[in-house]
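K.L.:
The sequence shown begins at 40 in our numbering and counts up by one. C-beta: ideal position from N, C-alpha, C; glycine also. What you are looking at is a predicted structure, and each value in this text was computed from that prediction instead of being measured.
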Amino acid sequence: MLDVGCGGELLADLLRIWSDALLFDFDPVAVGVEVDAARHADDARIQIVQSSVEKVDSAPALQGVEIDLAICHLDLALRSDPVRGSTAVLSRLSPGGLLSIVGLATAVSAFGDDPYGEIKADSVLYGLVSRA
Numbered sequence: 040m041l042d043v044g045c046g047g048e049l050l051a052d053l054l055r056i057w058s059d060a061l062l063f064d065f066d067p068v069a070v071g072v073e074v075d076a077a078r079h080a081d082d083a084r085i086q087i088v089q090s091s092v093e094k095v096d097s098a099p100a101l102q103g104v105e106i107d108l109a110i111c112h113l114d115l116a117l118r119s120d121p122v123r124g125s126t127a128v129l130s131r132l133s134p135g136g137l138l139s140i141v142g143l144a145t146a147v148s149a150f151g152d153d154p155y156g157e158i159k160a161d162s163v164l165y166g167l168v169s170r171a
């Protein structure tokens with residue numbers, strides 16, 4: 040499983056159900072990586088990588104790994120290139136793998152200078168994509 044942004048812990052919760060699964064958390068923000076690493080220090084099934092999502096298709100941590108489920112929830116506004124990032128994640132999915140995307144359509148920046156600040160949005164975008 041791949042969690043882009045590490046924020047919501049949805050996939051970490053699924054590890055309780057899928058005991059043989061591995062989770063890769065990608066986050067470009069150092070403080071997010073630090074918080075996530077501390078939160079999951081005792082779970083070897085979770086690997087935390089500080090990197091932009093645009094580089095996920097070439098990440099050494101994912102070489103030879105098939106991703107069956109990826110989520111990109113509320114991180115589109117933080118990406119330098121949302122299309123490139125989503126394409127990179129799709130390229131890592133195994134056949135039949137799923138990518139869930141939830142984003143915000145905003146008239147102004149949702150996060151300002153604080154990526155963990157209050158979210159203000161005009162509308163919410165949802166998408167679910169499967170790789171053939």
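Tell me, please, which residues DSSP counts as bridged to residue 87.
P.N.:
Its beta-bridge partners are 64.
K.L.:
If you reduce the DSSP assignment to three classes, tell me which class residue 138 lands in.
P.N.:
If DSSP states are grouped into helix, strand and coil, residue 138 belongs with the strands.
K.L.:
Alpha carbons only, please: which of 169, 83 and 111 is nearest the one belonging to residue 95?
P.N.:
Among 169, 83 and 111, the Cα nearest to that of residue 95 belongs to 111.
K.L.:
Can you give the Cα-Cα distance for residue 66 and residue 169, rounded to whole angstroms?
P.N.:
Roughly 23 angstroms between the two C-alpha positions.
K.L.:
Rounded to whole angstroms, what's the CA-CA distance from residue 123 to residue 87? Just pull it up for me.
P.N.:
The straight-line gap from Cα to Cα measures roughly 21 angstroms.
K.L.:
Along the alpha helix (DSSP H) that carries residue 129, what are the first and last residues, could you check?
P.N.:
Residue 129 -> alpha helix (DSSP H) spans 121-131.
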